[in-house]
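Here the working numbering = 1-based position in the sequence shown + 4.
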Amino acid sequence: MVRNVPVVSAPLSQVLSPACQQLTFTAHADKVAAEFVGLKQGPNAEHPGEPLRGERGGYDFRPQIVGVFTDLSGPTPPGLSFSATVDTRYSSSPTPLKMAAMILGLLSTAVALVALHVLDTADGTRHRRILPQRWWSIGGLDALVIAVLVWWHFVGANTSDDGYILTMARVSEHAGYMANYYRWFGTPEAPFGWYYDLLAMWAHVSTASVWMRLPTLAMALTCWWLISREVIPRLGHAVKHSRAAAWTAAACSWRCGCR
């Protein structure tokens, strides 16, 4: 019986007889099949004498497994085992081409950073502070961006993703691993899901929304500081002194941070 649809049936007396060796069940995306190995179809069946097996198709009859349970008690019989291969469509390993693309992306990032450093030294200045003095000066637009982001941190509503990720983070401690079972059928998102583990540790202090969203607020403020202090000044003299560019960047920060 799969999803209230019988696949194959046999009298209990035959199932318990020595002739019945085992029950096999096979499920595919387009059909499921089951067979009582050792039993034959009766004389009144459509194919008398054939192996007692059944098949259902035309619908996704693959079972939904939530666990393996039994009411039996006592010691486990020798040889008793259970194995199941769940939907693994999202489980994969990188191909050589994909691995080469990732390595090329990392090398390109390193080359871009070196090129940016060369561009910064084109004016003849050899010594530069890692965090220049302009990083610590706060103007009127900075104060407005901070005020809006902090205000939204307290009054903004949580998204559905917030609930998904929080549940994943809290369950991971008991499950022993971090997996996105909301989207990818339990397939880990490594290395891109590393911040889920950070939230799992963060949730040990409190699961209150104001606390769990602090990393998001910190990242939003960091992004604004990088955009206003490092990105805009490198786009040229006209953009550096353009109020329209600064306000556009602030609006983008609000749009991304207030979600």
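Beta carbons are placed, not taken as given, at the ideal position from N, Cα and C, and that holds for glycine.
Remember, predicted model here, so these are calculated numbers, not experimental data.
Tell me the DSSP bridge mates of residue i?
i	result
residue 57	39
residue 184	191
residue 44	55
residue 149	Partner(s): none; residue 149 has no beta bridge.
residue 6	9
So which of the options has the shortest CA-CA distance to residue i?
i	options	result
residue 240	124, 207, 258	124
residue 234	198, 260, 258, 138	138
residue 22	10, 42, 31	42
residue 170	201, 146, 149	201
residue 90	96, 106, 68	68
residue 87	259, 181, 16, 72	72
residue 29	158, 243, 57	57
residue 13	227, 184, 198, 45	45
residue 238	151, 19, 121	121
residue 259	153, 16, 216, 10	153
residue 184	150, 231, 94	94
residue 35	64, 54, 24, 8	64
residue 209	225, 146, 173, 108	173
residue 228	77, 204, 151, 189	151
Helix, strand or coil: how does DSSP classify residue i here?
i	result
residue 49	coil
residue 212	coil
residue 159	helix
residue 115	helix
residue 124	helix
residue 68	coil
residue 3	Beyond the ends of the chain as shown, which are 5 and 263, falls residue 3; an answer cannot be given.
residue 74	coil
residue 142	coil
residue 254	helix
residue 110	helix
residue 79	coil
residue 235	helix
residue 23	coil
residue 90	coil
Quick one: give me the first and last residue of the beta strand (DSSP E) that residue i is part of.
i	result
residue 27	26-31
In the DSSP assignment, the alpha helix (DSSP H) including residue i goes from what residue to what residue?
i	result
residue 165	164-179
residue 18	16-19
residue 200	198-206
residue 219	218-230
residue 278	With the chain running from 5 to 263 in the structure shown, residue 278 is simply not present.
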